[in-house]
Each structure stands twice: as structure tokens, then as C-alpha cells.
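Asks: Got a structure for you, questions after.
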Amino acid sequence: MTIALVGSTPVNVILEKEFAAAQMETITVKSNELQRVSGHIGDFRLQTLDGERRAGVIVVTEPPEAKLPGIGHALLDSDPVSHPHTKPVVLLMDYEQESRQFMTPVALELALFLARRRRTVFFLKRSVKTAGTDQERLYQEARGAGVVFVDYDQVQIAETDQGFAHVSAQDESQSLEIGPCSLIVAETIHPGKTGALADCLKLRRDRWGFIDEYKHYLYPVMTSRRGVYAIDTLRACCEPEYLEEAIAAVIGDSAEQLTADANLLYVELDKEKCAFCYTCYRACPHAALTPNQAEAVMEPWEEACFGCGICVSMCPANALQLTLEKPAQGASQSVQIFCCENSGDTAISRLQEDLAHEGLTVSQVSVTCGGEITVERLLQALRQYEKVIAAVCMDDACQHFDGNRRACAQTERAVSMLEAAGLEPGRIRFVQLSQGMPRLLHEEIREALL
Amino acid sequence: MIVAEQKPIDEILRTLDGFKNVLIAACGTCVTVCMAGGEKEALKLAALLQMRDADMKVSVVTPKRQCDMEFVEEILADAAEHDVVLSLGCGAGVQFMSGAIDNKLILPGLNTKFMGVTQDIGVWAEMCQGCGDCVLEQTGGVCPVTRCSKSNFNGPCGGSSDGKCEIDTEVDCGWQLIYDRLEALDQLQRLYQISEPKDWTTSRDGGPRKVHKKEMIL
Chain A
45 MTIALVGSTP VNVILEKEFA AAQMETITVK SNELQRVSGH IGDFRLQTLD GERRAGVIVV
105 TEPPEAKLPG IGHALLDSDP VSHPHTKPVV LLMDYEQESR QFMTPVALEL ALFLARRRRT
165 VFFLKRSVKT AGTDQERLYQ EARGAGVVFV DYDQVQIAET DQGFAHVSAQ DESQSLEIGP
225 CSLIVAETIH PGKTGALADC LKLRRDRWGF IDEYKHYLYP VMTSRRGVYA IDTLRACCEP
285 EYLEEAIAAV IGDSAEQLTA DANLLYVELD KEKCAFCYTC YRACPHAALT PNQAEAVMEP
345 WEEACFGCGI CVSMCPANAL QLTLEKPAQG ASQSVQIFCC ENSGDTAISR LQEDLAHEGL
405 TVSQVSVTCG GEITVERLLQ ALRQYEKVIA AVCMDDACQH FDGNRRACAQ TERAVSMLEA
465 AGLEPGRIRF VQLSQGMPRL LHEEIREALL
Chain B
65 MIVAEQKPID EILRTLDGFK NVLIAACGTC VTVCMAGGEK EALKLAALLQ MRDADMKVSV
125 VTPKRQCDME FVEEILADAA EHDVVLSLGC GAGVQFMSGA IDNKLILPGL NTKFMGVTQD
185 IGVWAEMCQG CGDCVLEQTG GVCPVTRCSK SNFNGPCGGS SDGKCEIDTE VDCGWQLIYD
245 RLEALDQLQR LYQISEPKDW TTSRDGGPRK VHKKEMIL
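Note that the protein sequences, when read in sequence, are chains A and B.
Here my numbering = 1-based position in the first sequence + 44.
Here my numbering = 1-based position in the second sequence + 64.
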């Protein structure tokens, strides 16, 4: 199988070697030469300035751009780590928004290393990412070793003699002067060309514009589109083990995807109804719909579809349907609950004993994603049941990126329609939860039934 | 595309008061795309009506268009079986259906808003008022009739501030858009010519309009 490496970085050499060892051929496409990408895993067509290239899998290697935070001259002492002087060291994490996750442990480890060598270390930060494996331990150890952590709003750097810096940092009430000192400035990282590349490849980006890669439920290299992987080459330079994991993930996941049994749950299109309005094309988080210009209809790619149902709920012409509709379970006549299989579904399965013990029964409909829940589905359910509950994932936890928010919007619309029609709006309830929050769901069910 | 918006639910319910056998006619073209009157919207309304009154008979049909006889003919038999038709077509669709189905009341389910474009999922903006005498060549492709709240023809009024219109800070000043566009195209000389008062008889002022394409008519 052919892997298209999009972007050309030194890491490509390692990737080519590793993929060759796994009997995979690689082609390289420069990111500024890529114009359009169609197709799906196993059969991607990459339109480039040199014509069409084909590949089974795409790996993005274009790195984000690293920039110093506007005080480039401040990298004064080139090697404060090994330098024998005794001046304090300032680690400056000058991020306007949260840093990328891997920067924090790198900086913490460096601070700890220096502090253990009896250097005076100040760790100045505006906004760093603090959540992550092992970071709390590193932070505690660094504090224990004497690293001084300082939050600040503004910082000024001045150059002093012999290549040292003078740092003055202020927050609302206080100011801190350190100098002369050695200064280590963390890079700030911008999406750079990866932003345009994400648009070209139809990949979801996070709120900072990066190709989403820190979703805890995905392999670190997975993107929103099946068969397209993103290797963070900046991170690969800092963490060699990351590159190893990334290569293994690409090889393992693509092999699994390509040999998996037929995808049973996907969307089908009624060509007669399709208004060719592009709503599904714009809304699909997985780039699974492609326009068929000859017939003026959209076409779903079965191989790219995750069956999340977001397009089904968004299609104004009612032209899309999922191939499988899961039947309701449970004998309740009064409450039906729509459960996202990534949250509500597991939560309710943990409640079965408690519910049975209390004599509470509900009718449960499992949905692939909250994005499948629509106004008409909720209203239809209310014709049979007294109350309906939508139980979907927490904010930022949707595996299909915004299905939970869409479920929220659909529920709100259904409630407003009930209100306008003089019906009881409390008959529709909405709850966001994770798999581990069955108690919350228990409360909802109890309240709905009582 | 014709952009419309569904009437408030309570207004629709009031107009349907007393009818027990309702045909909801969606429309499969413009108002489907602007998510006001497609099959989905019709199904939502049908579910709501039946929730309010389980005895009410509600059916949904979706002709491709309500503004062409061949499509409307497809639903004549359905219409005959119901007491009333709630049309989710634009104003043109409702009237065309009224002409085609002369023994039934055709009720409007939408408020027809404007001719416009899709800006984003769920967002449409007005771009043309159908004045019948296009001047876009003078104004860099930005319509002064539609995009200026006062339909000014010779520059902005005194209410333009920081590129926004005095009616609402969310609304761009049409003349600012025209100026910026012509400046970017290096075509500002187009603004030196003073526009004479516009002849509005080609617009609504000339009464109901028709277009005859003579070579197509025998």
C-alpha cells in the first residue's frame, strides 16, 4: 500500500525507512503543491500541481511554525544548562493561550534538572497546559527542589553585560525583578501552513487552529478523517518515543481499518430527495460526503463514514438515512432515553441493577452519537412516551467533534416548539455526562419518572 | 435562492384551528436548502400537530417545487383527501398551489424573506431585491439597493460609522463595502459618475411584473 507523506521535513527520512520496513511504499507531496483531496482510506486521490497522485493512506508531516514570543533577542546565554556560573535561571513560558501539552513537561524537567544542581530557578508562566500524565508529580518535585513558579501578566526583558538578562515581570498587584540571570525562552507555536492544509484535507482543527490530535480517545496521530494521520514533527524532535509510537499507530490503525469487516453502519442517500445543498458536506466531521457533479447529488463514502448521524440530522431534505437503526430496549411506557454510545449508553448499563431494584424502567435507544438526535425524533418519541431524555457526551468530549452540541441545539428547538404549542416543555430533558457518571443519569431518570 | 423562515408555531396552529385533516406540503427546492420548508421541517410540524391532537390526520408530501404545474399535479390526489393544505413553500408556491387547487384553502406556513445566499450552515443573507435594472457594474458587485439600508445611489449617508450602518452595529454599511471593494480593484473612478434618480418602474413600483421570453413562445 502507498502512503502519501504530505509536507517535507527531516522526519520524512525516518518515516520512509520505517514504512519501507513495513512493506509500505511512500510518496512525498509538498504541502503547498496539494490542491484538493478526494476519496477515502485505501483510495485517496491527491490533486497536486504535477497531476493526480494516489495513495491508500495520508500522513501529514508538515510541522506547525515555532516562533519566539516577540522577544527573540532574549536568548542571551546560549547554554545556561551547562554553564558553570551561579546566576539564577529564568524559564519563560510566554504563552498567551495554553501551551501545547508536551511543552510543559519538557520545561518542568529542565527546571527540575537545574534546581537539583543547586541553581536558583524561576519558572515564569502566563498560560501553560497543566493537564497531562505525570505533570502533577513533576510540578511537585520541581517545587520541592526549590523552583519558584510565578504567574505574570506582563514581562520586560533587558540585556545586561556578559550576555545575561534582566527580567521584570508584573501581575495586577506586584512586580518581580530578576537579574542578571540566564534566560530560557519557550517557543510559541502557531498552526502555520497546517491550517491551510487542514482545510484542503477537510480535517477538523482545534480552537487554536491545530489539526486535532489531543483528543484523549484517539491515537495521538489520528485526525477526524479515516486514513489521514498527522504526525507532529515538532513534538517528534523533542520526544523520540513519540515518533516511534506515531509510526506504529499509523501502521497498526491503517492495517486494522483496511482489513476490518464491512462497515455496517453508514449513511445512505436518497438521490431523488437530495437538494444538493451541501449542508451534509459542510457538517460531516469525517469528510465522508463528496459531491457528484454529474448527477448533482451528494455521495456518501461508506469507507469514510463513522455512522455518527450528524449529516442525517442536518439534512434539510431528509435524504440521508443510517443503514442500521438500533431497536429500543426496555419495556417502559413512560420514559424513552436516547443514549450516546460513548457516554450515556455505558452509564445506563452500570445502572441496570439499581434501576431494577427501585422498579424503574425506561425504554433505551442507543445512538452512535448525540448528533443523531433530532427535533422530529424527539417529538415522535413523545407521541408514545410521557418523557424523553437525551443523554450525550460532555463538552469537548464528542468523538465526532460537535454531535453533543448539535444534540443540545436540537433539544432546545424541540422544547421551544412544545412551549409554543402549549405543551409541557419539561417532557424533554437533556443531560451531558461521561461513561463514569451513572449517578447523574440515575437522578435524571428518577426525576423524569416521578 | 429564495430565503424564507417558518412562521411562529402558535401562528401556524391558530390558522389550522378547526381543521382535522391537514396536508403539509413541503417544497424540495429553495426553502429546503434554507431549512424553512423542506421535508424535515414538515415532519417536525406533523409530529407536533399529532402530539397536540392524536385524532388529527396529518400527512406530508414534498413536491420538488411548488411553482411548476407538473410537480404540483403530483400532489393533487393527496390534496383532495384533506380538508386543508399547509404550504411550506415560498409566497410564490402558496399562490401557485392556490391556483392549481381551487377548492381548498392553501395556508402559508412560511414568511418569505428575500433572495439571498448561504453564508454558513444555518445563515443566509439578502443580496438582491429584484429591482429590474441591475447597477452592480458601477458598484464593484455590491448592490446599493439591497446592501445599503436606504438604497442610496451616490455614497453613504451620515449614519455610516466605522464601516457599520446606523440601523444596527451588526450590519455592514453597504457603501463602505462598495468603496472598499472598488479600492481593492483600483476602480474608484467608477464612483466619480453621479447616478441620476433611479427609474423604479422596473421594480415593484411598476406593478406586478412578468417576463416574456419571446423566442420560447409560439
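Glycine residues also receive a C-beta, built at the ideal position from the N, C-alpha and C atoms.
Roughly how far, in whole angstroms, is the beta-carbon of A:T412 from the beta-carbon of A:L309, given that I think they are within contact range, below 8 Å?
Replies: Here residue 412 of chain A is taken as the residue at index 368 of the first sequence, counted from 1. Here residue 309 of chain A is taken as the residue at index 265 of the first sequence, counted from 1. Correct: roughly 7 Å between the Cβ atoms.
Asks: What residues of chain B sit near A:V419, judged by a beta carbon separation below 7 Å?
Replies: Taking the first sequence and counting its residues from 1, the one referred to as residue 419 of chain A is at position 375. What A:V419 touches in chain B: K108.
Asks: From which residue to which residue does the alpha helix (DSSP H) around A:P224 run?
Replies: The residue you call residue 224 of chain A lines up with position 180 of the first sequence. It is not in any alpha helix (DSSP H) - A:P224 instead sits in the beta strand (DSSP E) that spans 219-229.
Asks: Does any residue of chain A bring its CB to less than 8 Å from the CB of B:E103?
Replies: For the purposes of this step, residue 103 of chain B is taken as residue 39 along the second sequence, with counting starting at 1. Output row for B:E103: interface = yes.
Asks: Report the rounded CA-to-CA distance for B:L150 versus B:L109, giving the unit in angstroms.
Replies: Along the second sequence, read from residue 1 onward, the residue named residue 150 of chain B stands at position 86. Along the second sequence, read from residue 1 onward, the residue named residue 109 of chain B stands at position 45. If you take the alpha carbons of B:L150 and B:L109, they lie about 10 Å apart.
Asks: Whose C-alpha, out of A:I255, A:L152, A:R270, is nearest the C-alpha of A:V229?
Replies: Looking up residue 229 of chain A in the first sequence gives position 185. Ranking A:I255, A:L152, A:R270 by Cα distance to A:V229 puts A:L152 first.
Asks: Whether or not the segment 182-193 of chain B and the segment 228-244 of chain B are in contact is what I'm after, with contact meaning three or more pairs of Cβ atoms, one per stretch, closer than 8 Å; do they touch?
Replies: no
Asks: Is the segment 323-341 of chain A close to the segment 396-411 of chain A, with three or more CB pairs under 8 Å?
Replies: no
Asks: Within 8 Å of any Cβ in chain A, is that where the Cβ of B:M191 sits?
Replies: Position 127 of the second sequence, counted from the start, is the residue given in the question as residue 191 of chain B. No, its Cβ sits nowhere closer than 8 Å to a Cβ of chain A.
Asks: Compute the beta-carbon to beta-carbon distance between A:T267 and A:T105, rounded to the nearest angstrom, for a pair I have assumed lies under 8 Å.
Replies: Start at 1 with the first residue of the first sequence, and residue 267 of chain A comes out as number 223. Start at 1 with the first residue of the first sequence, and residue 105 of chain A comes out as number 61. About 13 Å separates the two Cβ atoms, so there is no contact after all.
Asks: According to the Cβ coordinates, are B:E103 and A:K315 closer than 8 Å?
Replies: By 1-based counting over the second sequence, the position of residue 103 of chain B is 39. By 1-based counting over the first sequence, the position of residue 315 of chain A is 271. Not in contact: B:E103 and A:K315 (Cβ atoms no closer than 8 Å).
Asks: Is B:L169 close to chain A, meaning its C-beta is less than 8 Å from at least one C-beta of that chain?
Replies: Position 105 of the second sequence holds residue 169 of chain B. Answer no: the Cβ-Cβ gap between B:L169 and chain A never drops below 8 Å.
Asks: For the segment 76-93 of chain B, enumerate the residues whose C-beta is nearer than 8 Å to any C-beta of chain A, in chain order.
Replies: Listed in sequence order: L77, G92, T93.
Asks: So what does A:I233 bridge to, in DSSP terms?
Replies: To locate residue 233 of chain A, count along the first sequence from 1; it is residue 189. DSSP, once it has assigned bridges, lists A:A110 as partnering A:I233.
Asks: Taking Cβ positions only, does A:P113 come closer than 8 Å to chain B?
Replies: Position 69 of the first sequence, counted from the first residue, corresponds to residue 113 of chain A. With a pLDDT of only 46 at A:P113, under 50, the local geometry of the prediction cannot be trusted, and the value read off the model is given with reservation. Taking Cβ atoms only, chain B never reaches closer than 8 Å to A:P113, which makes this a no.
Asks: Restricting to runs no shorter than 4 residues, where is the alpha helix (DSSP H) found entirely within the segment 345-408 of chain A?
Replies: 354-358, 388-393, 396-402
Asks: For B:L112, return the contacting residues in chain A, with the cut-off set at a CB-CB distance below 7 Å.
Replies: The sequence position of residue 112 of chain B within the second sequence is 48, counting from 1. Residues of chain A passing the Cβ test: L423, M461, A465.
Asks: Anything in chain A within Cβ reach of B:T96, meaning under 8 Å, just list it in chain order.
Replies: Translated into the one-based positions of the second sequence, residue 96 of chain B becomes position 32. Going along chain A in sequence order, the residues near B:T96 (Cβ under 8 Å) are A319, C321, P360, A361.
Asks: Quick one: grab the DSSP three-state call for A:Q443.
Replies: Start at 1 with the first residue of the first sequence, and residue 443 of chain A comes out as number 399. If DSSP states are grouped into helix, strand and coil, A:Q443 belongs with coil.
Asks: Any contact of the segment 215-225 of chain B with the segment 169-183 of chain B, i.e. 3+ C-beta pairs under 8 Å?
Replies: no
Asks: On a Cα-Cα basis, can you pick out the residue from A:P482, A:S387, A:R80, A:P107 that is closest to A:A280?
Replies: Residue numbering aside, residue 280 of chain A sits at position 236 when the first sequence is read from its first letter. For the residues A:P482, A:S387, A:R80, A:P107, the minimum Cα distance to A:A280 belongs to A:P107.
Asks: Got a sec? Which residues, its chain only, sit under 6 Å from A:R142 by beta carbon, not counting five neighbours each side?
Replies: Here residue 142 of chain A is taken as the residue at index 98 of the first sequence, counted from 1. This sequence places Glu at residue 142 of chain A; Arg is not what is there. So the list reads S171, K173, once near-sequence residues are dropped.
Asks: Considering only the beta carbon of each residue, do B:L152 and B:C91 sit closer than 8 Å?
Replies: Sequence index remark: in the second sequence, residue 152 of chain B carries index 88 (1-based). Sequence index remark: in the second sequence, residue 91 of chain B carries index 27 (1-based). Pairing B:L152 with B:C91 gives a Cβ-Cβ distance under 8 Å.
Asks: In whole angstroms, give me the CA-to-CA distance for B:V297 and B:A89.
Replies: This structure cannot speak to residue 297 of chain B, because chain B is shown only from 65 to 282.
Asks: Sorted by chain position, which residues of the same chain lie with C-beta nearer than 6 Å to A:Q365's C-beta, five sequence neighbours on each side aside?
Replies: Locating residue 365 of chain A in the first sequence gives position 321, where the first residue counts as 1. These residues qualify, in order along the chain: E312.
Asks: Taking Cβ-Cβ distances shorter than 9 Å, what residues in chain B pair up with A:A327?
Replies: As a working mapping, residue 327 of chain A is identified with position 283 in the first sequence. Here the neighbours are I185.
Asks: Within its chain, find whatever has a CB closer than 7 Å to the CB of A:Q214; leave out the 5 residues flanking it on each side and keep chain order.
Replies: By 1-based counting over the first sequence, the position of residue 214 of chain A is 170. Y196, D197, Q198.
Asks: Applying a beta-carbon distance threshold of less than 7 Å, which residues of chain A neighbour B:I73?
Replies: Counting from one through the second sequence, the residue named residue 73 of chain B turns up at place 9. Within 7 Å Cβ-Cβ: M461, A464, A465.
Asks: In chain B, which residues lie with their C-beta within 7 Å of the C-beta of A:L426?
Replies: Walking along the first sequence from the start, residue 426 of chain A turns up at place 382. M115, listed in chain order.
Asks: Distance, Cα to Cα, A:L49 vs A:A299?
Replies: For this step, residue 49 of chain A is matched to residue 5 along the first sequence. For this step, residue 299 of chain A is matched to residue 255 along the first sequence. For A:L49 and A:A299, the distance between alpha carbons rounds to 17 Å.
Asks: Using a C-beta to C-beta distance shorter than 7 Å, which residues of chain A count as neighbours of B:Q99?
Replies: Against the second sequence, residue 99 of chain B aligns to sequence position 35. Going by the sequence as given, residue 99 of chain B is Met instead of Gln. Within chain A, the residues whose beta carbon sits less than 7 Å from that of B:M99 are P360, listed in sequence order.
Asks: Could you have a look at A:T70 and say whether DSSP puts it in helix, strand or coil?
Replies: Here residue 70 of chain A is taken as the residue at index 26 of the first sequence, counted from 1. DSSP places A:T70 in strand when its eight states are reduced to three.
Asks: With a 10 Å radius around its C-beta and 16 neighbouring C-beta atoms as the bar for buried, classify A:S217 as buried or exposed.
Replies: The residue you call residue 217 of chain A lines up with position 173 of the first sequence. Exposed, by the Cβ-count rule.
Asks: For the pair the segment 434-443 of chain A and the segment 477-486 of chain A, tell me if three or more CB-CB distances fall below 8 Å.
Replies: yes
Asks: So what does DSSP say about A:H210, is it helix, strand or coil?
Replies: Stepping through the first sequence from its first residue, residue 210 of chain A is reached at position 166. It is a strand residue.
Asks: Between A:N362, A:T232, A:I381, A:T204, which lies nearest to A:E140 when the distance is taken from Cα to Cα?
Replies: Translated into positions along the first sequence, residue 140 of chain A becomes position 96. For A:E140, the closest of A:N362, A:T232, A:I381, A:T204 by C-alpha to C-alpha distance is A:T232.
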